[in-house]
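Just so you know, we're using my numbering here: the sequence shown kicks off at 581 and counts up by one.
Don't be surprised by glycine CBs; every beta carbon is placed ideally from N, CA and C.
Computed from a predicted structure; not experimentally measured.
A short write-up of the structure that comes next.
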Amino acid sequence: VADAFMAEHPEIKIEIWNQPWNDYFTKIQALWASGDSKVIPDVAFLWPTPRYAAEGVLENLDPFIEASGYDLNDYWPGLLESAKYEGSVYGFPRDIEVNVIYYNKDMFDAAGVAYPTDDWTWDDFLAAAEALTQKDANGMTTVYALAAEGGKWAKWVNQNNGAILDDYVNPSKCMLTDPASVGGVQFFADLMDQGYAMRPADLSQAGGDAAVFSSGQAAMILQNTSRVSAFNAAGMNYDVVPPPIPADGKRHNGAGGAAWVMSSGSDNKDAAWTFIQWLQSDGGGETIYTERGEIFPALQSVANSPAFMTDQPPANKQGIITEAAASDVGNFGYFPEWGELDGSIIGPGLEKIWAGEIDPETGLADICAQVDQFLA
Numbered sequence: 581v582a583d584a585f586m587a588e589h590p591e592i593k594i595e596i597w598n599q600p601w602n603d604y605f606t607k608i609q610a611l612w613a614s615g616d617s618k619v620i621p622d623v624a625f626l627w628p629t630p631r632y633a634a635e636g637v638l639e640n641l642d643p644f645i646e647a648s649g650y651d652l653n654d655y656w657p658g659l660l661e662s663a664k665y666e667g668s669v670y671g672f673p674r675d676i677e678v679n680v681i682y683y684n685k686d687m688f689d690a691a692g693v694a695y696p697t698d699d700w701t702w703d704d705f706l707a708a709a710e711a712l713t714q715k716d717a718n719g720m721t722t723v724y725a726l727a728a729e730g731g732k733w734a735k736w737v738n739q740n741n742g743a744i745l746d747d748y749v750n751p752s753k754c755m756l757t758d759p760a761s762v763g764g765v766q767f768f769a770d771l772m773d774q775g776y777a778m779r780p781a782d783l784s785q786a787g788g789d790a791a792v793f794s795s796g797q798a799a800m801i802l803q804n805t806s807r808v809s810a811f812n813a814a815g816m817n818y819d820v821v822p823p824p825i826p827a828d829g830k831r832h833n834g835a836g837g838a839a840w841v842m843s844s845g846s847d848n849k850d851a852a853w854t855f856i857q858w859l860q861s862d863g864g865g866e867t868i869y870t871e872r873g874e875i876f877p878a879l880q881s882v883a884n885s886p887a888f889m890t891d892q893p894p895a896n897k898q899g900i901i902t903e904a905a906a907s908d909v910g911n912f913g914y915f916p917e918w919g920e921l922d923g924s925i926i927g928p929g930l931e932k933i934w935a936g937e938i939d940p941e942t943g944l945a946d947i948c949a950q951v952d953q954f955l956a
C-alpha cells in the first residue's frame, strides 16, 4: 500500500512502523507521551478514536476536510460517528464491520432446509435452527444451528427496536431494561438455552466460529466479512445472508471501525493529510485493501465497484451491501469512557446471561443499575 502511494506521490516518503497488535497501543502511547516529533507517527491506525481524541494526541481533521473538499457522503450511514469527538472528525474508519449470517449449504441440503433469503424473519430462523440442530439420546447438542460470539448480542437488540443507551454520544441512561431491549437479549439467550446456539464460552473453547463452521459443528455463524478469505481458501460450499429480523423489527448494522488518524504532534501534517486522503479513496488504499479481501470498505463507491463485487464466493455480496446500508449508531458508545463501561459492567453482566446463570430480565436490571450509577 505504501509503495503504491509513493509511486503516485514521489515527493512523500512513507516509513512503516509496525508492531504486534497486542503491543501496538501501549507503544504508540509511549511515543506520543515522549513529545518528540521525530518519533511520533504522523499517521496511525487505531480504535477507539474518541478516547484518543479526548487525550489530545489526535489532530482535528475538520479544517483539512473543509480546505480540500473531501467528500464525506461516500461513507456508510453512521460510520463517521465512531471517529468523532465533540462533533469533529478525528479519523476515517478504514472499513466497517458488517455482520452477516454465513451458512453451510451442504448442511442445509442434508437437513432439507431451504436456503435463507434476504428478507427472512426470526420465525424463519427458528424453524431452520430447529431442523439444523442435532442432539444425542441424552438431549445434548452435537451439531449446532448457530455459533455466534457473545459480543454480537447488540445486533438482536437493535433489530428488535431496542437500545443500549438513551444516547450514544452523551448518554444519561441505560435502556437495556426497555421491553424491546430485553426481548432482543432474550431471543439470543433462548437460542442457547434450547441448544440451537453455542454458548460463547463453549465457542471460545472450541476454537472460535471459523473453526466450528469449517468442521461442521455449526451450520451458521454470525460474523463480519473477515472470514471470507479463509472459507474461500478452504473451498467451503457456503453463502451469506443478512441476519433475520423480527416481524415488527428493523434491519440494523452497528457502524464502527478502526480509523486512520493524524497525530497532533506531527511535523508533517500536510503530507499526512495527503496520505490519509489517498488511503481513504476509491482507487487508493480502500481499493487495494478490498481487492486483497482484507476489508469490507468504508466507502460505498468501493463496495459497489469490481474491487468487492468479484466472482469469488460468497455469491450474495449484495446481501452484505444491504446490511451495510442499514448501518447506524447503536452497537456501542461513541464517547471516551465506553471501553471502561462495557468492559467493567455491561460485558461481565451479559456473560452471566449467556452462561445461563441468570435470566435476561434480572441480569439486565442489574446491569442497568450499575450503568446508571456509572453515568451519573
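Short Cβ contact (9 angstroms threshold) for residue i with residue j
i	j	result
Pro-916	Ala-663	no
Val-749	Tyr-604	no
Ile-926	Val-909	no
Ala-760	Asn-740	yes
Tyr-818	Ala-709	no
Asp-758	Gly-742	yes
Phe-585	Trp-858	yes
Met-573	Pro-893	With the chain covering 581 to 956 only, the question about residue 573 has no answer from this structure.
Leu-955	Leu-930	no
Phe-625	Arg-674	yes
Tyr-683	Tyr-665	no
Cut-off 8 angstroms between Cβ atoms - residues of its own chain near residue i, not counting five sequence neighbours on either side
i	result
Val-680	Leu-802, Gln-803, Asn-804, Thr-805, Val-820, Val-821, Pro-822, Pro-823, Gly-899, Ile-900 and Glu-903
Gly-919	Pro-628 and Arg-631
Ala-827	Thr-701, Trp-702 and Asp-703
Segment limits, beta strand (DSSP E) that includes residue i
i	result
Ala-798	798 to 803
Leu-626	623 to 626
Val-581	Val-581 -> no beta strand (DSSP E), and no H or E assigned at all.
Asp-819	818 to 821
Val-841	839 to 842
Ala-728	721 to 728
Minimum Cβ-Cβ distance from residue i to chain D less than 9 angstroms
i	result
Thr-721	Absent from the structure: chain D. Only one protein chain is present.
Buried versus exposed, by CB contacts within 10 Å (16 or more), residue i
i	result
Gly-865	buried
Val-619	exposed
Asp-789	buried
Ala-883	buried
Gly-764	buried
Glu-661	buried
Thr-713	buried
Val-842	Before going on, a small fix: residue 842 reads as Met here, not Val. So Met-842 counts as buried.
Thr-606	exposed
Ala-878	buried
First through last residue of the alpha helix (DSSP H) which encompasses residue i
i	result
Met-687	685 to 691
Ala-613	601 to 614
Tyr-632	629 to 634
Asp-642	642 to 648
Contacts around residue i, its chain only, beta-carbon distance under 7 angstroms, and the 5 residues preceding and following it disregarded
i	result
Lys-897	Phe-888 and Met-889
Glu-941	Val-762
Trp-733	Val-765, Phe-768 and Leu-930
Contacts around residue i, its chain only, beta-carbon distance under 6 angstroms, and the 5 residues preceding and following it disregarded
i	result
Val-792	Ala-727, Ala-786 and Ala-798
Are there three or more Cβ pairs, one per stretch, closer than 8 angstroms when the stretch 601 to 614 is compared with the stretch 835 to 842?
-> No, because fewer than three Cβ pairs between the stretch 601 to 614 and the stretch 835 to 842 fall closer than 8 angstroms, the two stretches do not touch.
Evaluate contact between the stretch 769 to 781 and the stretch 646 to 659, counting only Cβ atoms and requiring at least three cross-stretch pairs below 8 angstroms.
-> By the Cβ rule, the stretch 769 to 781 does not count as touching the stretch 646 to 659, because fewer than three pairs are nearer than 8 angstroms.
Answer yes if the stretch 663 to 672 comes into contact with the stretch 623 to 637, meaning at least three C-beta pairs across the two stretches below 8 angstroms, and no otherwise.
-> Contact check between the stretch 623 to 637 and the stretch 663 to 672: three or more CB pairs, one atom from each, fall below 8 angstroms, which counts as touching.
Could you tell me whether the stretch 850 to 864 touches the stretch 701 to 714, using the rule of 3 or more Cβ pairs below 8 angstroms?
-> The stretch 850 to 864 is not in contact with the stretch 701 to 714.
Would you call the stretch 711 to 729 and the stretch 791 to 799 touching, i.e. three or more CB-CB distances under 8 angstroms?
-> The answer is yes - the stretch 791 to 799 touches the stretch 711 to 729, with three or more Cβ pairs under 8 angstroms.
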